[in-house]
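Asker:
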Amino acid sequence: MLLQKQPYKMVHFYSRASFAIGLVLGAILALYVSNWTLSDGNSPLQEKPPLEPYVDWFQKRGLNRTVVLWDEMRYTNKSLYTEADYLFDNIRILCIVLVRSPNNLVAVNATWARGCNSLKPILLPSRTSIMPSKQDKALSSWVLLCKMLHETDPEPFDWVLVVKDTSFLILENFRHYVAPLDSEKYHYLGHAVQFWGTVYNSGNPGYALSKGALRAFQGSMRSNECIENSYRNKEDFYLGKALSQLNITPVSTVDEEGLSTFHPYTWYHVFFPGESYYKTSVFPVKCCSRRSIAFQAIEGSRMYTFQYLFYKLQIFKSGQCGNRPFKDSESEDKVWKDFLRSQNVYEYNISSEQYYKLWEKLVNDPNSFASSMKKEELFDYD
Numbered sequence: 001m002l003l004q005k006q007p008y009k010m011v012h013f014y015s016r017a018s019f020a021i022g023l024v025l026g027a028i029l030a031l032y033v034s035n036w037t038l039s040d041g042n043s044p045l046q047e048k049p050p051l052e053p054y055v056d057w058f059q060k061r062g063l064n065r066t067v068v069l070w071d072e073m074r075y076t077n078k079s080l081y082t083e084a085d086y087l088f089d090n091i092r093i094l095c096i097v098l099v100r101s102p103n104n105l106v107a108v109n110a111t112w113a114r115g116c117n118s119l120k121p122i123l124l125p126s127r128t129s130i131m132p133s134k135q136d137k138a139l140s141s142w143v144l145l146c147k148m149l150h151e152t153d154p155e156p157f158d159w160v161l162v163v164k165d166t167s168f169l170i171l172e173n174f175r176h177y178v179a180p181l182d183s184e185k186y187h188y189l190g191h192a193v194q195f196w197g198t199v200y201n202s203g204n205p206g207y208a209l210s211k212g213a214l215r216a217f218q219g220s221m222r223s224n225e226c227i228e229n230s231y232r233n234k235e236d237f238y239l240g241k242a243l244s245q246l247n248i249t250p251v252s253t254v255d256e257e258g259l260s261t262f263h264p265y266t267w268y269h270v271f272f273p274g275e276s277y278y279k280t281s282v283f284p285v286k287c288c289s290r291r292s293i294a295f296q297a298i299e300g301s302r303m304y305t306f307q308y309l310f311y312k313l314q315i316f317k318s319g320q321c322g323n324r325p326f327k328d329s330e331s332e333d334k335v336w337k338d339f340l341r342s343q344n345v346y347e348y349n350i351s352s353e354q355y356y357k358l359w360e361k362l363v364n365d366p367n368s369f370a371s372s373m374k375k376e377e378l379f380d381y382d
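Take 1 as the starting number for the sequence shown in UniProt numbering and just add one per residue.
1) Got a sec, what are the start and stop residues for the beta strand (DSSP E) Phe294 sits in?
2) Please name the residue, chosen from Ser260, Leu214 and Ala107, that lies closest to Asp158 on a Cα-to-Cα basis.
3) Taking the Cβ atom as the reference point for each residue, do Leu171 and Gly115 lie within a distance shorter than 7 Å?
4) Assuming the contact rule is C-beta atoms closer than 8 Å, Gln296 and Thr152 should be a hit. Round their C-beta distance to whole Å, please.
5) Where does Cys226 sit, in a helix, a strand or coil, going by DSSP?
6) Within 10 Å of its beta-carbon, does Trp112 have 16 or more other beta-carbons around it, so buried, or fewer, so exposed?
7) Measuring only the C-alpha atoms, how far is His269 from His263?
8) Roughly how many angstroms lie between the CA atoms of Cys321 and Ile315, to the nearest whole one?
9) Considering Cα atoms alone, identify which of Gly212, Gly258, Gln307 and Tyr311 is closest to Cys288.
10) For Asn233, count neighbouring Cβ atoms within 10 angstroms of its own Cβ and tell me buried if that reaches 16, exposed if not.
11) Check whether the Cβ atoms of Ile293 and Phe174 sit closer than 7 Å, and answer yes or no.
12) Using the C-alpha atoms, what's the distance from Val162 back to Gly240?
13) Would you say Leu105 and Pro121 are within 7 Å of each other, going by their C-beta atoms?
14) My assumption, with CB atoms under 8 Å, is that Thr198 sits in contact with Ser140. Please give the rounded CB distance.
15) Are Phe195 and Phe168 closer than 7 Å when you measure CB to CB?
16) In angstroms with no decimal places, state the Cα-to-Cα distance between Tyr355 and Ser331.
17) Could you spell out where the beta strand (DSSP E) holding Lys164 opens and where it closes?
18) Write down every uninterrupted run of the alpha helix (DSSP H) in the region 68–149 whose length is 4 residues or greater and which is fully enclosed by it, in chain order.
19) Alpha carbons only, please: which of Ala242, Ile227, Ser210 and Asn201 is nearest the one belonging to Ser220?
20) Can you list, in chain order, the stretches of the alpha helix (DSSP H) that have 4 or more residues and sit fully within the region 236–273?
21) Are the Cβ atoms of Glu52 and Pro180 separated by less than 7 Å?
22) Is Leu313 helix, strand or coil when you go by DSSP?
23) At which residues does the alpha helix (DSSP H) containing Ala213 begin and terminate?
24) Should Thr261 go down as buried or exposed, given a rule of 16 or more other Cβ atoms within 10 Å for buried?
25) To which residues of the same chain is Tyr32 closer than 6 Å at the C-beta, ignoring the five residues directly before and after it?
26) For Asn201, which three-state DSSP category applies?
27) May I have the straight-line CA-CA distance separating Tyr177 from Val55, to the nearest angstrom?
28) Can you list, in chain order, the residues of its chain whose CB lies under 6 Å from that of Tyr278, leaving out five sequence neighbours each side?
29) Closer than 6 Å by C-beta to Gly300: which residues in its own chain qualify, once you throw out the five before and the five after it? Chain order, please.
30) Determine the closest residue to Val68 out of Asn201, Val160 and Thr76, with distance taken between C-alpha atoms.
31) Over the uninterrupted beta strand (DSSP E) stretch that includes Gln343, give me the two end residues.
32) State the DSSP-derived secondary structure class of Tyr188, mapped to helix, strand or coil.
33) Since Ala208 sits in a beta bridge, which residues does DSSP pair it with?
34) Out of curiosity, what's the CA-to-CA distance linking Glu155 and Gly212?
35) By DSSP, does Leu63 sit in helix, in strand, or in coil?
Now the structure itself:
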């Protein structure tokens, strides 16, 4: 996929000849840089990293897979080692979560963060105060993140994910995406945007650093330098700026079909974006990959909903273990005759109305049932 480049502004052409020459030179230059754009005037920004297909990576490791039905996974006691289990064990992820809402942190821990090999929260000052107040620069999100990145030992992990407490990640898809990448090399993944002349990955969906990129960052500046030149809470911007000085720049994170995987908005706004939503995006945005990695959930309650939809809700298409009709050993005729006998009725030739009245004596009407429920609430069963 070619990059979307800003059109060149051509002014002060005093003759058609000079215009034609400029047009030809512009076309040659466009062909020359068709796969590149510039970031901060330093290193070229790749549209997409050289990515070995996941299938090839899987086969090179001598692995084989067998399809297992949901029916078998849920209703048998077989010990199964899934592909997701293998990726979890072999692609180790540290999740750093920027926390402003304790409730959201609880939801994160209970939902998508189960896929992290380790989790470190950064507790940020809440924004509940209505009146403006002087902010302590040492408590800004950038300074706290910068110090944590310096304090983190890269060796136990292959990747570090930095995520806000309003985001939801599907870590199985992230591992699938990064599996062919060498984490010892420099990789900086996310949704690339541009601000103040710096290209960086937006913090809204979260962003990822490979082990190699983290090592380079730690070696480039001392921990006490984190507080210098920081401005409020643009931790994603300052990290991107620091990495760009090391020639570590964002790349396009679309899938093999050219569809976006890191989404900086909620699903509703991903599906129905406003005209200015992707105005600062560096690479073309096209919705939406079947292996999407990250998006905004905003509230903890929504995270539980997504967790249910992604990991609990199952569609059974076939199977012989649990997905089969109940076999009743008694015939239907015997069931209703037994019921009549239990009501001391031995004449089986009765009308449907008579049969209904027998049941009516046993079951309360809706009003009586509601009244009984209210009375039940008065009792303390503890």
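Here a beta-carbon is modelled for each residue, glycine too, at the ideal position from N, C-alpha and C.
Just so it is clear, the structure is predicted and the values come from calculations on it, not from any experiment.
Answerer: Working from what's here:
1) Taking the sequence shown and counting its residues from 1, the one referred to as residue 294 is at position 294. Reading off the sequence shown, one finds Ala at residue 294, where the question assumed Phe. Ala294 to Gln296 is the span of the beta strand (DSSP E), which, as asked, contains Ala294.
2) Here residue 158 is taken as the residue at index 158 of the sequence shown, counted from 1. Cα-wise, what sits closest to Asp158 is Leu214.
3) Residue numbering aside, residue 171 sits at position 171 when the sequence shown is read from its first letter. Residue numbering aside, residue 115 sits at position 115 when the sequence shown is read from its first letter. Annotated as proximal: Leu171 and Gly115, with beta-carbon spacing under 7 Å.
4) The residue given as residue 296 occupies position 296 in the sequence shown. The residue given as residue 152 occupies position 152 in the sequence shown. At roughly 25 Å, the Cβ-Cβ gap does not stay under 8 Å, so Gln296 and Thr152 are not in contact.
5) For the purposes of this step, residue 226 is taken as residue 226 along the sequence shown, with counting starting at 1. Three-state result, Cys226: coil.
6) The residue labelled residue 112 in the question sits at position 112 within the sequence shown. Trp112 is buried by the Cβ-count criterion.
7) Against the sequence shown, residue 269 aligns to sequence position 269. Against the sequence shown, residue 263 aligns to sequence position 263. Cα to Cα, His269 sits roughly 10 Å from His263.
8) By one-based count along the sequence shown, residue 321 stands at place 321. By one-based count along the sequence shown, residue 315 stands at place 315. Going by the C-alpha atoms only, they are around 14 Å apart.
9) Counting from one through the sequence shown, the residue named residue 288 turns up at place 288. Ranking the options by Cα distance to Cys288, first place goes to Gly258.
10) For the purposes of this step, residue 233 is identified with residue 233 of the sequence shown, where counting begins at 1. By the neighbour-count rule (16 or more Cβ atoms within 10 Å), Asn233 is buried.
11) Indexing the sequence shown from 1 puts residue 293 at position 293. Indexing the sequence shown from 1 puts residue 174 at position 174. In contact: Ile293 and Phe174 (Cβ atoms closer than 7 Å).
12) By 1-based counting over the sequence shown, the position of residue 240 is 240. By 1-based counting over the sequence shown, the position of residue 162 is 162. Going from the Cα of Gly240 to the Cα of Val162 covers about 12 Å.
13) Translated into the one-based positions of the sequence shown, residue 105 becomes position 105. Translated into the one-based positions of the sequence shown, residue 121 becomes position 121. A contact, by the Cβ cut-off of 7 Å.
14) What you label residue 198 is simply residue 198 of the sequence shown in a count that begins at 1. What you label residue 140 is simply residue 140 of the sequence shown in a count that begins at 1. That belief does not hold up - the Cβ atoms of Thr198 and Ser140 are roughly 17 Å apart, past 8 Å.
15) Counted from its first residue, the sequence shown places residue 195 at position 195. Counted from its first residue, the sequence shown places residue 168 at position 168. Cβ distance not < 7 Å, so Phe195 and Phe168 don't count as in contact.
16) Along the sequence shown, one-based indexing puts residue 355 at 355. Along the sequence shown, one-based indexing puts residue 331 at 331. Looking at the two C-alpha atoms, the distance is approximately 18 Å.
17) On the sequence shown, position 164 is the one that residue 164 refers to. Run containing Lys164: Trp159 to Lys164, per the beta strand (DSSP E) assignment.
18) 70–75, 83–90 and 102–110
19) In the sequence shown, residue 220 corresponds to position 220, counting from 1. Looking at the Cα atoms, Ala242 is the closest of the given residues.
20) 267–271
21) Counted from its first residue, the sequence shown places residue 52 at position 52. Counted from its first residue, the sequence shown places residue 180 at position 180. Yes.
22) Here residue 313 is taken as the residue at index 313 of the sequence shown, counted from 1. Of the three classes helix, strand and coil, the one that applies to Leu313 here is coil, per DSSP.
23) Within the sequence shown, the letter at position 213 stands for residue 213. Lys211 to Ser220 is the span of the alpha helix (DSSP H), which, as asked, contains Ala213.
24) Translated into the one-based positions of the sequence shown, residue 261 becomes position 261. Its Cβ being crowded by 16 or more others within 10 Å, Thr261 is buried.
25) Locating residue 32 in the sequence shown gives position 32, counting from the first residue. Note that Tyr32 scores 33 on pLDDT, short of 50, meaning its location in the model is unreliable; the coordinates nonetheless yield the value given after this. Excluding residues within five positions, none has a Cβ falling inside 6 Å.
26) Taking the sequence shown and counting its residues from 1, one reaches residue 201 at position 201. Of the three classes helix, strand and coil, the one that applies to Asn201 here is strand, per DSSP.
27) Counting from 1 along the sequence shown, the entry for residue 177 is found at position 177. Counting from 1 along the sequence shown, the entry for residue 55 is found at position 55. So the alpha carbons of these two residues sit roughly 11 Å apart.
28) In the sequence shown, counting from the first residue as 1, residue 278 sits at position 278. Counting only Cβ-Cβ distances below 6 Å, and skipping sequence neighbours, we find Val285.
29) The count along the sequence shown starts at 1 and reaches residue 300 at position 300. The answer, listed in chain order, is Asn103, Asn104 and Ala107.
30) What you label residue 68 is simply residue 68 of the sequence shown in a count that begins at 1. Closest by alpha carbon: Thr76.
31) Stepping through the sequence shown from its first residue, residue 343 is reached at position 343. First-last for Gln343: undefined, no H or E at that position.
32) Residue 188 sits at position 188 when you count from the first residue of the sequence shown. DSSP places Tyr188 in strand when its eight states are reduced to three.
33) Counted from its first residue, the sequence shown places residue 208 at position 208. BP columns for Ala208 point to Leu161 and Leu189.
34) The residue given as residue 155 occupies position 155 in the sequence shown. The residue given as residue 212 occupies position 212 in the sequence shown. Rounded to whole angstroms, Glu155 to Gly212 spans 10 Å at the Cα level.
35) The residue given as residue 63 occupies position 63 in the sequence shown. Leu63 falls in the coil class under three-state DSSP.
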